[in-house]
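In our numbering, the protein residues as written are 174 to 1182. Note that beta-carbon positions come from the ideal geometry of N, C-alpha and C, so glycine has one too. Report on the structure given below.
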């Protein structure tokens, strides 16, 4: 049983099976990569691509010959038309005589014979012809054979490449014998004086005449070049060579069709231009020039040349292809009889563009077909596939044999070694032979060392440690002995000077005394159970850390000492990078927060403290103008100044790119800290940063300060308050220090906390517009004012939106939303607005772009002449902005209203400068005007001034009937307010009650006047 177990678990079996599995996996991967991974398919595709490329090249050549040489008849057409005109003029005849008048016909043929020969030679074709005919071909008379005779001339050149000095190489097929004598041309054995046709639609071979002739009659406005017709195989007589023709109608200057001009190309000549041997290296390809007349992939074979493939795959006339592509432009030829003895046959179909679109013959699609058998086309990929399969089979066989032999060779020495060890005397050292296999020889050596039975285990430990190539030492102390074994390097690891040279067995008391002397270097903060860390300073002031690990049991104590300097340096570097900013060497956010938390645990130590938020000015400008290296130097310079706070009991941190935190604590009053902040501020203002190009910049920063414990005793609140104070000064005068004010914070904190809310409002255009009626004194609605209503609850009114947008320099976005959203609603409710105007609030110190105005004009151009632009602004108006705004809107006839007149900057000076069409009196003047004579006097003066300058006056904020009556009596033009009409999202008319009151008040005023 033991033998069986040993056999079943032999090393050979454990080796051979994994190797076989690995080999099979590799073989499978190889097969999958080569056979099924796309390689064979890629080879097949390459074969198809090569076939397509060769056929395309040949197609391009044939297409160029057909279009650029053979079918170039325009010069000859012009010459013939000129000759015809000359003959007609000389004989006082008309174009209608051509075809019917034999004398005219003969003279025309005589005059154009040289032109026909010239066409034959110039175009390098095998034949040229002209046929004259009356336009009324339906009335052609037939002879006793049922044929129609046509006068013409047909000249053949069987070898266009041979051009003698005379016409000895030419033959006349049709035409007068006089022509033959005059030009020295022989008459063919099949010569006839005239052309004979069976009649239109009677014989397919006559298409070269009837088709272009009929096309010219049916398409009178189409040029002859677009009426040319390429005809397939044609026999002039029952004998002779088959030819392919190209013919164009002859059209007289008045549009009369009087004949056909054409050329022919013999099938034999065309065959020479289709060298089938280029399709494949085995020269078993076939070219077919064909035409598909029904778009059914059944090509009528015009010319073919090549290796004779099985005729049963196509008949003598048509090549039938499957409708579905086998590859790009490659189709299988239909096997009607299901005979696969010769495999598949493929045709690369490359269409020839002979006809322009929208011409009579555009549906006849000519193509060059390159045909080849699959066994020839894909021969290389099939050969590669066979070779791969054979190679895999051979590799498997060789691999299996090799694995077996290698396994036998590897296991045999091990078997012999085991036999010798098993038969050796355990009382004597074993001496094993080397077999020159390093792993087995190592095993033999280990057995020899084990058999030697080294007496002293401590000596063995020492040898192992001394073999280690690193600063490490060890000791072994038996509790019941007076000596201690320590390695040579044990004390040398501790100290740089080799003072303690004893090693091996050392007296226990001496060893313990020396170890005790090292306690002064012991780092208690690193001490853990059975692990001790020592730190030493070398003469060159470099630090060295050593770790001692001790293991103790009842009999002995073992210790290992290791130099861990590198580990400690790396650890401290990681800790430094974790806590400090690399650019400035200041604390980062995490470390700053951690230290502040520690300080706040003992708040008595803080006393009076200040949290300062610093933000560098001009950093973006320096980065954009001089590069980020200059920006980094700017940051480092500012950080160097802020480090001064550290000497004043401060904690300094770089928060992000241009933001710094400072926390200074432990003072008795704010004034002491203010003096420190001011001194740092002065030093910063007096510091110049000199850039590489000599440019000097002053270090400038804006700062916000919050006070502990006055503003808050909470760290997060102090940080937020300092941030708010910094934000305030940053967005006003910059470069100064601002202290936190809780009253301002309660009023404007949303400016800081709602930055993202404003972005959300702008990005989503989350506003809508309500419309409040503006009425005249008779109660008629004159206009509506568009009033912004934010959809985000954070903003209680449009004023909040404007203030926040101004603080973030985003007034342009609000201006744009106002224009587009208000005008969109104006257009949407145009029926509700009727003929009323729209008052639209605009920020005067902001302008839309030219593109914005163009888009507004495109979308709302028809409504813009009814817009009144309200200039609404609390800041001083910038004249440049106003002028630009006026220039943009002037061509729309938009009127201007000055809003909130009597408050802020909108006073008399602005009125004089803008000269608006309307002045809106602020509600602070309107409110209570019925009881205040001073307000009435101010309004009277304004109305009087405005009337003289044709400026209309509108009173805002009318909330009582008494105010409304007083305003009417004072001569106001228009009124607006909650008493008259409240804003609504859909424009509404004023109530009948208000209309009645207004009308009555107006009439009473007129009576008084």
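Query	Result
Let me know if residue 347 comes out buried or exposed under the rule of 16 or more other beta-carbons within 10 Å of its beta-carbon.	buried
Compute the Euclidean distance between the alpha carbons of residue 669 and residue 694, then round it to the nearest angstrom.	Per-residue confidence for residue 669 stands at a pLDDT of 46, beneath the threshold of 50, marking its modelled position as unreliable; no derived number is given.
Exposed or buried, which one is residue 1058 when buried takes at least 16 other CB atoms within 10 Å?	buried
Skipping 5 residues on each side, what residues in its chain have a beta carbon closer than 6 Å to that of residue 735?	645, 720
Output needed for residue 828: all residues of its chain with C-beta closer than 7 Å, excluding positions within five of it in sequence on either side, in chain order.	762, 834
Count the C-beta pairs between the segment 1106–1126 and the segment 1157–1177 that are closer than 8 Å, then say yes if the count reaches three, no if not.	no
Which residues share a DSSP beta bridge with residue 417?	438
Starting from residue 1131 and walking both ways along the beta strand (DSSP E), at which residues does that stretch end?	No beta strand (DSSP E) contains residue 1131, which DSSP labels as neither H nor E.
So residue 446 packs on residue 235, CB below 8 Å; how close in whole Å?	7 Å
How long is the line joining the alpha carbons of residue 598 and residue 620, rounded to whole angstroms?	The predicted model places residue 598 with a pLDDT of 47, which falls under 50 and marks its position as unreliable; any figure quoted below should be read in that light. Answer to the nearest angstrom: the Cα atoms are 13 Å apart.
Short of 7 Å in beta carbon distance, which residues of its chain neighbour residue 523, apart from the five on each side in sequence? Order them along the chain.	228, 229, 232, 502, 540, 541
Find out if the Cβ-Cβ distance for the pair residue 849, residue 880 is shorter than 8 Å.	no
Alpha carbons only, please: which of 401, 356, 497, 304 is nearest the one belonging to residue 527?	401
Tell me which same chain residues have a C-beta within less than 7 Å of the C-beta of residue 1005, skipping the five on either side of it?	1159, 1160
Whether or not the segment 1062–1069 and the segment 1028–1047 are in contact is what I'm after, with contact meaning three or more pairs of Cβ atoms, one per stretch, closer than 8 Å; do they touch?	yes
Out of curiosity, what's the CA-to-CA distance linking residue 681 and residue 657?	5 Å
Output needed for residue 610: all residues of its chain with C-beta closer than 7 Å, excluding positions within five of it in sequence on either side, in chain order.	586
Using a Cβ-Cβ cut-off of 7 Å (strictly less than) and excluding sequence neighbours within five positions of residue 273, which residues of its own chain qualify?	307
Specify, as a first and last residue, the run of the beta strand (DSSP E) that residue 304 falls within.	300–305
Just grab the DSSP bridge partners of residue 325 for me.	304
To the nearest angstrom, report how far apart residue 628 and residue 662 are at their CA atoms.	Because the pLDDT of residue 628 is 39, which lies under 50, any placement of that residue in the model is unreliable, and the question is left without a value.
Name the one or two DSSP bridge partners that residue 1035 has.	Per DSSP, none; premise fails for residue 1035.
Please list the segments of the beta strand (DSSP E) lying wholly inside the segment 910–965, counting only runs of 3 or more residues, in order along the chain.	910–912, 940–949, 954–963
Cβ atoms of residue 517 and residue 507: under 8 Å apart, would you say?	no
What residues in its chain sit with their C-beta under 8 Å from that of residue 220, if we drop five residues either side in the sequence?	550, 551, 553, 554
What does the alpha-carbon distance come out to for the pair residue 262 and residue 224?	58 Å
DSSP beta-bridge partners for residue 422?	433
Terminal residues of the continuous beta strand (DSSP E) containing residue 361?	359–365
Which residue spans inside the segment 814–861 form an unbroken alpha helix (DSSP H) run of at least 4?	843–858
Starting from residue 471, trace the beta strand (DSSP E) in both directions and tell me its first and last residue.	471–479
Per DSSP, which one or two residues make a beta bridge with residue 291?	Bridge partners of residue 291: none, in fact.
Can you give the Cα-Cα distance for residue 494 and residue 477, rounded to whole angstroms?	16 Å
Label residue 903 either buried or exposed according to how many other C-beta atoms from any shown protein chain fall within 10 Å of its C-beta, with 16 as the threshold for buried.	buried
Please classify residue 1007 as buried or exposed, where buried requires at least 16 neighbouring CB atoms within 10 angstroms.	exposed
Out of 194, 298, 286, which has the shortest C-alpha to C-alpha gap to residue 242?	298
Take the Cβ of residue 1174 as the centre, count every other Cβ of all protein chains shown within 10 Å, and call the residue buried at 16 or more, exposed below.	buried
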